[in-house]
Ligand code: XLS
Ligand code: MG
C-alpha cells in the first residue's frame with residue numbers, strides 16, 4: 029500500500045501478553061529478537077524503545093557495558109531494516125518511584141530518576157536517535173494534599189534542564205496524560221507539555237508527543253491537541269490509537285471507536301505535512317481475547333486505517349469544501365465529510 033512520505037513506528041510493548049489488572053497473561057511473551065523482524069513485515073519503519081526494552085538489565089551494567097549493549101542492539105535494529113525513533117526512561121516500575129520520580133518528595137528518589145533518565149540519553153546516542161521521550165507516568169498524586177503542585181512544576185523544569193545540559197545534542201518529547209497510573213497527573217494536556225518546555229533552559233529542544241487516548245481521557249479532541257502543537261511547531265511525535273469514553277486507558281486500534289475523530293487526526297497531520305517533522309507512532313494494544321498467532325493484527329489494522337484515511341483526506345473535493353466553508357454551509361460540509369467516509 030502507498031505510504032506517501034510518512035514513516036511509521038511502534039514499540040515492543042504493543043505486542044503484549046494480554047495481562048490486565050484482573051487477570052494474568054493469556055499469550056506467551058516474545059523477546060525483542062522475535063519482535064524486531066515483525067516490525068518491517070507489518071510495514072513499519074522504526075521502533076520506539078523504553079530504556080529497558082533496549083537493555084533489560086541496565087541498572088546492573090557499568091556505563092561501558094551499557095554503551096556496548098546499545099551498540100549491539102543498534103546493529104540488530106539496522107539489520108532488521110529499521111531505525112530507532114526514541115528512547116524513553118521507564119521511570120514508573122521501580123519500587124523507588126512508587127510516589128513519583130522527578131517530583132517525588134524524597135530527594136534520593138529524584139536523584140535516581142535523573143540518573144536513570146541520563147542512561148536513556150547514553151543509550152539514545154548509541155542508537156542514533158536524538159529524541160528522548162518523557163511520559164511522566166507517576167508525576168502527580170493519589171491525593172492532592174501529599175505534594176506541592178507548584179514545587180512539582182519547578183522540579184519537572186529542573187529535571188528537563190539537567191537532561192538538556194547533559195547532552196546538547198538531544199531533544200525532549202513530553203507525552204501528556206491526565207491520569208493513570210496516578211489519580212491526577214501534573215502534565216495532563218498538550219498545553220501543559222508545551223508550557224513546561226517553554227520554561228526550560230532551551231525551549232527549542234523541547235516538544236510534545238500527542239496520544240489520542242490521553243487527549244480523550246482529558247476530555248479533549250486529539251486533532252485539536254495536535255493542531256495546537258503544530259501551530260507552535262512543537263508536534264514532534266504522535267501515539268495514535270483510540271479510546272471509548274472516560275474509562276481506563278484502552279489503547280484501541282486507531283479509528284476503531286470513532287472513525288471521524290481518526291479522520292480529523294489524519295487530516296490535521298496531512299494538511300500540515302507532519303511527515304517533515306515526525307514519525308507516525310501507534311500506541312495500540314490488541315484485545316485480551318486475541319490468540320497469540322494473531323496478536324499483531326491491531327498494528328496492521330491501525331496502519332491500514334491511517335493510510336486509507338490519508339487517501340480519503342486527499343480525495344476530498346477541495347473546491348466543494350471551500351465553497352461550503354465560504355458559504356457557512358456547514359451542513360453541506362458535514363455531508364461532504366460523511367460522504368467521503370462512507371466511500372463517496
Ligand atoms: C501510557 C503511555 C506509554 C508511553 C510510553 O499510557 O502511552 O505507553 O507512550 O512509555
Ligand atoms: Mg503512549
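Numbering (this note's numbering), first residue to last: 29 to 372.
Where is the CB? At the ideal position from N, CA and C, for every residue including glycine.
Asked                                                                                                                                                                      : Found
So the alpha helix (DSSP H) residue 179 belongs to, where does it begin and stop?                                                                                          : 177 to 194
Please list, following the chain, all residues that have a C-beta closer than 5 Å to any non-hydrogen atom of ligand 2.                                                    : 239, 267, 311
If you draw a straight line from the alpha carbon of residue 289 to that of residue 363, how long is it in whole angstroms?                                                : 15 Å
Can you give me the Cβ contacts of residue 221 inside the same chain, cut-off strictly under 6 Å, excluding the 5 residues immediately before and after it?                : 202, 204, 215, 236
Measure from the alpha carbon of residue 219 to the alpha carbon of each residue in 357, 263, 118, 230, then state which is nearest.                                       : 263
Taking 7 Å as the cut-off, is the beta-carbon of residue 205 closer than that to any non-hydrogen atom of ligand 1?                                                        : yes
Helix, strand or coil for residue 305, going by three-state DSSP, please let me know.                                                                                      : coil
Distance, Cα to Cα, residue 115 vs residue 93?                                                                                                                             : 18 Å
Looking at residue 181 and residue 212, is the spacing between their C-beta atoms short of 8 Å?                                                                            : no
Using a Cβ distance threshold of 8 Å, determine whether the region 56 to 75 contacts the region 129 to 141, with at least three qualifying pairs required.                 : no
Comparing the CB of residue 220 with every heavy atom of ligand 1, is any distance shorter than 7 Å?                                                                       : no
Short check: CB of residue 148 to CB of residue 79, under 8 Å?                                                                                                             : yes
May I ask you to check if the CB of residue 134 is nearer than 7 Å to at least one heavy atom of ligand 1?                                                                 : no
Give the single residue among 284, 306, 338, 368 whose Cα lies nearest to the Cα of residue 330.                                                                           : 284
Who does residue 75 pair with in a DSSP beta bridge?                                                                                                                       : 38, 112
To the nearest angstrom, how far is it from the Cα of residue 139 to the Cα of residue 75?                                                                                 : 29 Å
Is the beta carbon of residue 277 within less than 7 Å of some heavy atom of ligand 1?                                                                                     : yes
At 4 residues or longer, and completely inside the region 136 to 160: list those alpha helix (DSSP H) runs for me, N to C.                                                 : none
What do you get for residue 370, buried or exposed, if any count of 16 or more other CB atoms within 10 angstroms of its CB means buried?                                  : exposed
Using the rule of at least 16 other Cβ atoms within 10 Å of the residue's Cβ for burial, across every protein chain shown, is residue 183 buried or exposed?               : buried
Rounded to the nearest angstrom, what separates residue 59 and residue 82 at their Cα positions?                                                                           : 11 Å
Which residues in the same chain as residue 292 place their Cβ atom closer than 6 Å to its Cβ, once the five residues preceding and following it in sequence are excluded? : 251
Taking one C-beta from the region 184 to 195 and one from the region 226 to 233 each time, how about it: are there three or more such pairs within less than 8 Å?          : yes
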